[in-house]
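Everything in the sequence shown is counted per full-length UniProt numbering, starting at 186 for the first residue and increasing by one.
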Amino acid sequence: MQDEIIQAEKMKVVSEIAASVAHEVRNPLTSVRGFIQLLSDPALGDRKRQEFSAITLEELDRAEAIISDYLSLAKPQIEKLEPIVLEEALAKASQILSSYANLQNVEIVTDLKSSATVYGSKSKFRQAMINIGKNAIEAMPGGGKLTLTSAVDDHARTVTITIADTGIGMSEAQVNRLGAPYYSTKDKGTGLGTMVIFSVIRGMNGQIDVRSKEGAGTAYFITLPLTQRGETRK
Ligand code: ADP
Ligand code: MG
Numbered sequence: 186m187q188d189e190i191i192q193a194e195k196m197k198v199v200s201e202i203a204a205s206v207a208h209e210v211r212n213p214l215t216s217v218r219g220f221i222q223l224l225s226d227p228a229l230g231d232r233k234r235q236e237f238s239a240i241t242l243e244e245l246d247r248a249e250a251i252i253s254d255y256l257s258l259a260k261p262q263i264e265k266l267e268p269i270v271l272e273e274a275l276a277k278a279s280q281i282l283s284s285y286a287n288l289q290n291v292e293i294v295t296d297l298k299s300s301a302t303v304y305g306s307k308s309k310f311r312q313a314m315i316n317i318g319k320n321a322i323e324a325m326p327g328g329g330k331l332t333l334t335s336a337v338d339d340h341a342r343t344v345t346i347t348i349a350d351t352g353i354g355m356s357e358a359q360v361n362r363l364g365a366p367y368y369s370t371k372d373k374g375t376g377l378g379t380m381v382i383f384s385v386i387r388g389m390n391g392q393i394d395v396r397s398k399e400g401a402g403t404a405y406f407i408t409l410p411l412t413q414r415g416e417t418r419k
């Protein structure tokens, strides 16, 4: 049952992100079209021809990258437990969220210098990060800032990820309802996103702490145990 719910939320996130992906893919395609038109001019010099061909290829690669990121989200994946390099996983999640953020005038700021390795399913962890980021972006209808940072506690052998927004915030009662299925304050919300987040982080033996202030913003603090070996990279 829980798997079905997770799958349902995943499809919803996917369909919403699809709209922004379509928008992002259209830009490089439009520019490719323009350059191909320029390339068809027989009077075009060799240097310009080379330059325009290179730009055309770069733009096509960009469209390709956007589509493959989107597909990696949509594709059902067999759960594989493995070491997750946090820096890479968070950079990837932020990359996937960037088109959605652009559409909403949200700036994503990352500071992932101190890196760590945690243990879990890469795809589930990424999904949890995307669900948090998506809620943060949706909490900033007039634009704002989404900050993604991580800090290692060598003594406690943990790493804490902070995902903070400058959005509408929540009351204490709202914060307490996070993680409960079907709790949503949105017109078209599923109220399943935070449930997925909590179940994934719990599955990784992690802890979630949410601090929020109405009218100011929300911060999620996610603390995860480091893997036994080769855990920190500075
Ligand atoms: P949905 O996004 O479909 O409403 P979620 O489970 O993802 O469902 O979130 C549940 C509710 O928690 C949201 O409707 C919203 O009221 C609240 N919420 C979650 N994250 C934030 C946030 N960063 N800022 C403000 N409210 C939030
Ligand atoms: Mg949500």
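C-beta atoms are modelled at their ideal positions from N, C-alpha and C, and glycine is treated no differently.
query, result
"Which stretch, first to last residue, makes up the alpha helix (DSSP H) that contains Ser356?", "Looking at the DSSP string, Ser356 is not in any alpha helix (DSSP H), and its letter there is neither H nor E."
"Which residue's Cα is closest to the Cα of Thr295: Thr334, Gln222 and Ala324?", "Thr334"
"What does Arg396 pair with, by DSSP beta-bridge criteria?", "Ala404"
"Measuring only the C-alpha atoms, how far is Arg362 from Ile293?", "26 Å"
"What whole-angstrom Cβ distance do Ile348 and Ile317 have, given they're in contact under 8 Å?", "5 Å"
"When the Cα of Tyr285 is compared with those of Ile315, Leu297, Ala276 and Ile190, which residue comes out closest?", "Ile315"
"What separation, rounded to the nearest whole angstrom, lies between the Cα atoms of Gly329 and Val217?", "31 Å"
"Is it buried or exposed, Ser356, if we count other Cβ atoms within 10 angstroms and call 16 or more buried?", "exposed"
"Whose C-beta lies closer than 7 Å to the C-beta of Ala358 among residues of the same chain, with five residues either side of it excluded?", "none"
"In chain order, what are the residues with a CB under 6 Å from some non-hydrogen atom of ligand 2?", "Asn316, Lys319, Asn320 and Gly378"
"Between which two residues does the beta strand (DSSP E) harbouring Lys330 extend?", "Gly329 to Asp338"
"Determine contact between the segment 364-376 and the segment 405-415, defined as no fewer than three beta-carbon pairs at a distance below 8 Å.", "no"
"Where DSSP assigns a beta bridge to Ala349, which residues make up the other side?", "Thr332 and Ala404"
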